[in-house]
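Enquirer:
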Amino acid sequence: MKNKLPASLKGKVLITTAVGLITILVIYLAIDRAFDKITTNIDQLAKPNERLMEVNRLFRGVSQLNHLQQKEAASGRRDPSMSFIQESDAVYEALDTLQWLFAGDSLQLQRVESIDELLTRRKEVFVEYLQLQYRRNASPDIRSFLTKVAEETRVADSLSQRRLLQTHKKTTTTTVSSDTIREERTGFLQRLFGRSEPESESEVITTATQVDEEVITAIDTLHLIKADSLFTILESSLDSLQSIQLQEAAMLQQREFQLLTVNNRLIHQIITIINALEQEEIARLNEETQAAFSTAGDTIQVLNLIAVVFIAVSLLLALIVLLDISKSNKYRAELEVVNEAVRQEAAAKQRFLSNMSHEIRTPLQSIYGYAEQAKLAGKDWVAVDAIYHPAAHLLNVVNEVLDYAKVTSGQFTFDAKPFDLLQEVDHVVKALVPLAAKKGIELTHEEEVGSPGKMEGDPFRLRQILFNIIGNAIKFTDEGRVTVETTVEDKSEGYDVRIAIRDTGVGIAAERLPDLFKEYTREGWMFRKNMGGRVWA
Numbered sequence: 184m185k186n187k188l189p190a191s192l193k194g195k196v197l198i199t200t201a202v203g204l205i206t207i208l209v210i211y212l213a214i215d216r217a218f219d220k221i222t223t224n225i226d227q228l229a230k231p232n233e234r235l236m237e238v239n240r241l242f243r244g245v246s247q248l249n250h251l252q253q254k255e256a257a258s259g260r261r262d263p264s265m266s267f268i269q270e271s272d273a274v275y276e277a278l279d280t281l282q283w284l285f286a287g288d289s290l291q292l293q294r295v296e297s298i299d300e301l302l303t304r305r306k307e308v309f310v311e312y313l314q315l316q317y318r319r320n321a322s323p324d325i326r327s328f329l330t331k332v333a334e335e336t337r338v339a340d341s342l343s344q345r346r347l348l349q350t351h352k353k354t355t356t357t358t359v360s361s362d363t364i365r366e367e368r369t370g371f372l373q374r375l376f377g378r379s380e381p382e383s384e385s386e387v388i389t390t391a392t393q394v395d396e397e398v399i400t401a402i403d404t405l406h407l408i409k410a411d412s413l414f415t416i417l418e419s420s421l422d423s424l425q426s427i428q429l430q431e432a433a434m435l436q437q438r439e440f441q442l443l444t445v446n447n448r449l450i451h452q453i454i455t456i457i458n459a460l461e462q463e464e465i466a467r468l469n470e471e472t473q474a475a476f477s478t479a480g481d482t483i484q485v486l487n488l489i490a491v492v493f494i495a496v497s498l499l500l501a502l503i504v505l506l507d508i509s510k511s512n513k514y515r516a517e518l519e520v521v522n523e524a525v526r527q528e529a530a531a532k533q534r535f536l537s538n539m540s541h542e543i544r545t546p547l548q549s550i551y552g553y554a555e556q557a558k559l560a561g562k563d564w565v566a567v568d569a570i571y572h573p574a575a576h577l578l579n580v581v582n583e584v585l586d587y588a589k590v591t592s593g594q595f596t597f598d599a600k601p602f603d604l605l606q607e608v609d610h611v612v613k614a615l616v617p618l619a620a621k622k623g624i625e626l627t628h629e630e631e632v633g634s635p636g637k638m639e640g641d642p643f644r645l646r647q648i649l650f651n652i653i654g655n656a657i658k659f660t661d662e663g664r665v666t667v668e669t670t671v672e673d674k675s676e677g678y679d680v681r682i683a684i685r686d687t688g689v690g691i692a693a694e695r696l697p698d699l700f701k702e703y704t705r706e707g708w709m710f711r712k713n714m715g716g717r718v719w720a
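Just so we're aligned, residue 184 is where the sequence shown starts under the numbering used here, counting upward by one.
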C-alpha cells in the first residue's frame with residue numbers, strides 16, 4: 184500500500200508553513216516600516232533648520248550694516264555708499280525669505296515685520312544723520328572763526344586807536360646857575376705818603392639847564408562811534424550762527440541717539456527671534472529623538488508580540504501535527520494488519536465470484552426459464568410457484584453479486600414501490616420449506632397484522648434479508664422448528680413492522696453477539712464439522 188498523509192494532516196502542515204511565512208512577512212513589514220520611520224527621523228535631525236540659518240544670515244547682515252554705518256559716518260559722506268546699499272538689499276532679501284519661511288506662524292511674522300520697520304526707520308535716520316554731519320563738516324568751526332575774528336579785531340582796534348588819537352607835544356627849557364667851593368683832590372700816593380695839611384676850599388661856579396615837555400592827546404569820537412556799531416552787528420550775526428550750529432549739533436546728537444536706539448532694538452528683536460528659533464529647534468530635535476525612540480520601542484513590542492504569537496501558534500500546530508502523525512502511524516499499523524486480511528479475503532471472494540459466474544448463472548437461468556414456461560402453460564401451479572419465486576430471487580442475487588463494481592464500491596440502490604408484505608414473506612417461507620423438510624424440521628409463518636394492505640419499499644432487499652436469516656436458522660437448526668413471526672401495527676404516521684425468526688438451534692453465545700453483523704464471520708469447529716465445511720453468517 185502506498186503510504187500517504189491524510190488530507191487533514193497535509194492541511195495542518197500547510198497551515199503551519201503558511202503561518203510561518205506570514206509571520207516572517209509581518210516581521211519584515213514591521214521592521215521595514217520602523218526602519219523607514221527611524222530613517223525619516225534621522226533625516227529630519229540631520230536636516231539643517233532653514234529658518235535658523237536665514238535668521239543667522241539676517242543677523243550677520245545687520246551686524247555688517249552697523250559696521251558700514253560707522254565707516255560711512257567716519258568718512259563724512261553725504262549719501263550712503265553702494266556697498267551699504269547692496270548690503271541693505273541683501274538684508275531685505277533675507278527678510279522676504281523669512282516671511283515666506285514663517286508663513287503660518289503669526290508671532291514670528293509679527294517679529295519679522297517689526298524688524299522690517301526698524302530697518303526702514305534706521306535707514307531714514309542714518310541718511311538724515313549723514314546729511315547733518317555733512318553740513319556740519321562743510322561749515323567753518325564757530326570757535327576758530329570767533330578766534331580769528333577776535334585777533335583781527337584786536338589788530339583793527341590798535342590801528343583805529345592810532346587813527347582816532349591826535350597827539351600834541353610842547354617843550355619848555357629853563358637854565359639855572361649856582362656858586363660852590365671846589366674841593367681839591369689829591370692823588371692816591373700823596374694821600375698815602377704825604378703829610379696832612381689843612382684842607383683849603385676853592386670856590387666853583389656851576390650852571391644847570393632844565394627842559395620841560397608836555398604831551399596833549401585828542402580823541403576823534405566820530406570814528407569811535409562807527410566802529411562800535413560794526414562790532415555790534417558782527418556779534419549779533421555770530422550769535423545767530425552759533426545758535427544754528429548748536430541746534431544742528433543737538434539734532435545730530437539726537438539722530439545718533441535714535442540710530443543707536445533703533446540698532447539696539449533691531450539687534451534685540453533679531454536675538455529674540457534667534458532664541459525662539461533655537462528653542463524651537465531644540466524642541467524639534469527632542470521631539471524627533473523621542474519619536475525615533477518611540478518608534479523603536481513600538482517596533483520592539485510588535486516584534487515581541489509577533490514572536491510570542493508565532494511561538495504559541497507554532498507549538499500548537501506542531502502539537503496537533505505530532506498527534507496526527509502519531510494517530511496516522513497507529514492507524515497505518517492497524518490498516519496494514521487489516522489490509523492483509525482483507526486482501527486475502529478479497530482474493531478468495533474474487534475466486535468465488537469467478538467460479539459462480541460460470542457455474543451458477545446458466546443453471547439458474549434454465550430453472551427460471553422452465554418455471555416461467557410451466558407457469559404460462561398452467562401446469563402444477565403450486566410446484567411452479569415454488570420454483571418461480573426462489574429462482575427469480577436467486578437470479579437477482581446473482582446479478583447483484585456479478586455486478587462487481589457495485590459490490591466493491593459498497594453502493595446499493597433501494598427501490599421504493601408498492602408491495603404486499605405478507606405475500607413476500609410467504610413466498611420466502613414457501614421457498615425454504617423444502618430445505619427445512621429435507622432436514623426434518625418444521626418451518627412455519629405466524630402473522631399478527633393490525634391492518635393488512637400494500638406497503639411501499641424494496642421487496643427484493645426484504646427477500647434478500649429474509650432468505651439470509653431464515654436460511655441461516657435452518658442451517659444451524661438440526662431438530663425442532665423454525666418460526667417466522669410477522670407483526671404489523673397500524674399507527675397514525677404509518678406502519679410499524681416487526682419480523683422475528685425463532686429457531687431451536689444452539690443459538691449464539693453472549694460474547695459472540697458483537698460479531699453477529701460482521702462480514703465472513705466463521706463459527707467454531709463444531710459447526711464446521713456438522714455442516715461439513717465453512718459456515719458464512
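Glycine included, C-beta positions come from ideal geometry on N, C-alpha and C.
Note that the structure is predicted; figures quoted are calculated from it, not measured.
1. Assuming glutamine 247 and glutamate 270 make a contact with CB atoms under 8 Å, what is their CB distance in whole Å?
2. What are the boundary residues of the beta strand (DSSP E) that threonine 627 is part of?
3. Would you report the Cα separation of threonine 200 and alanine 693, rounded to the nearest angstrom?
4. What do you get for leucine 241, buried or exposed, if any count of 16 or more other CB atoms within 10 angstroms of its CB means buried?
5. Using only alpha-carbon positions, find the residue among Ile503, Gln253 and Asp299 that is nearest to valine 196.
6. From histidine 628 to valine 520, what does the alpha carbon distance come to, in whole angstroms?
7. Using 8 Å as the threshold, is the segment 253-262 in touch with the segment 214-224, meaning 3 or more CB pairs across them?
8. Assess contact between the segment 661-678 and the segment 613-626, defined as three or more Cβ pairs (one per stretch) separated by less than 8 Å. Is contact present?
9. Applying the criterion that 16 or more other CB atoms from any shown protein chain within 10 Å of the CB defines a buried residue, is threonine 669 buried or exposed?
10. How would you write the range of the beta strand (DSSP E) that aspartate 721 sits in, first residue to last?
11. Whole angstroms is fine: what's the gap from leucine 699's alpha carbon to arginine 644's?
12. Using C-beta distances below 6 Å, list every residue in its chain close to isoleucine 198, excluding the 5 sequence neighbours before and after it, in chain order.
13. Report the three-state DSSP secondary structure of threonine 136 (helix, strand or coil).
14. So the candidates are Thr596, Leu313 and Glu471; which of them puts its Cα closest to the Cα of isoleucine 225?
15. Hey, arginine 448 and leucine 212: beta-carbon distance below 8 Å or not?
16. Can you tell me which residues form a DSSP beta bridge with glutamate 672?
17. Could you check which residue in Ala656, Ile682 and Asp679 has the C-alpha nearest to that of glycine 690?
18. Output yes or no for whether 8 Å exceeds the beta carbon distance between lysine 163 and glutamate 639.
19. Please classify lysine 712: is it buried, with 16 or more other beta-carbons within 10 angstroms of its beta-carbon, or exposed?
20. What are the start and end residues of the beta strand (DSSP E) that includes glycine 640?
21. Helix, strand or coil, according to DSSP, for valine 689 in the structure here?
22. In the DSSP output, what is arginine 664 paired with across the bridge?
23. In the DSSP assignment, find the unbroken alpha helix (DSSP H) run with arginine 234 in it and report its ends.
24. Taking buried to mean at least 16 other C-beta atoms within 10 Å of its own C-beta, is threonine 596 buried or exposed?
25. May I have the straight-line CA-CA distance separating phenylalanine 602 from lysine 637, to the nearest angstrom?
26. Just list the alpha helix (DSSP H) runs in the segment 449-530, keeping only unbroken ones of 4 residues or longer that don't cross its boundaries, in chain order.
27. Can you tell me whether glutamate 384 is helix, strand or coil according to DSSP?
28. Take the Cβ of valine 245 as the centre, count every other Cβ of all protein chains shown within 10 Å, and call the residue buried at 16 or more, exposed below.
29. Check this for me: beta carbons of valine 202 and leucine 468, under 8 Å apart or not?
30. Going by DSSP, what residue range makes up the alpha helix (DSSP H) through aspartate 698?
31. Use the C-beta contact count for glutamine 484: other C-beta atoms within 10 angstroms, 16 or more gives buried, fewer gives exposed.
32. Going by CA-CA distance only, name the one from Gln437, Ala277 and Val491 that's closest to aspartate 299.
33. When the Cα atoms are used, what is the spatial distance from arginine 685 to isoleucine 653?
34. Please report how far the alpha carbon of serine 266 lies from the alpha carbon of alanine 474, in whole angstroms.
Expert: Concretely, from the data shown:
1. 6 Å
2. It spans 625-632 - the beta strand (DSSP E) in which threonine 627 sits, taken as one unbroken run.
3. 52 Å
4. Classification for leucine 241: buried.
5. Ile503
6. 44 Å
7. no
8. yes
9. buried
10. Look at the range of the chain in this structure, 184 to 720, and you will see that residue 721 is not part of it.
11. 19 Å
12. none
13. Any property of residue 136 remains undetermined from this structure, which presents the chain solely from 184 to 720.
14. Glu471
15. no
16. Asp679
17. It is Ala656 whose Cα lies nearest to the Cα of glycine 690.
18. Residue 163 lies beyond the stretch modelled for the chain, which goes from 184 to 720, so this question has no answer here.
19. Bear in mind that a pLDDT of 43 at lysine 712, under 50, signals an unreliable position, so the number given afterwards is only what the model happens to contain. When all chains shown are included, lysine 712 counts as exposed.
20. 637-640
21. coil
22. Glu625
23. 233-258
24. exposed
25. 5 Å
26. none
27. Confidence is the limiting factor: at glutamate 384 the pLDDT is only 44, short of 50, which leaves the residue's position unreliable and the question unanswerable from this model.
28. Around the Cβ of valine 245, a 10 Å sphere holds 16 or more other Cβ atoms; the residue is buried.
29. no
30. Taken as a continuous stretch (DSSP letters only), aspartate 698 belongs to no alpha helix (DSSP H), as it is neither H nor E.
31. exposed
32. Closest in C-alpha terms to aspartate 299, from the list Gln437, Ala277 and Val491, comes Ala277.
33. 9 Å
34. 47 Å
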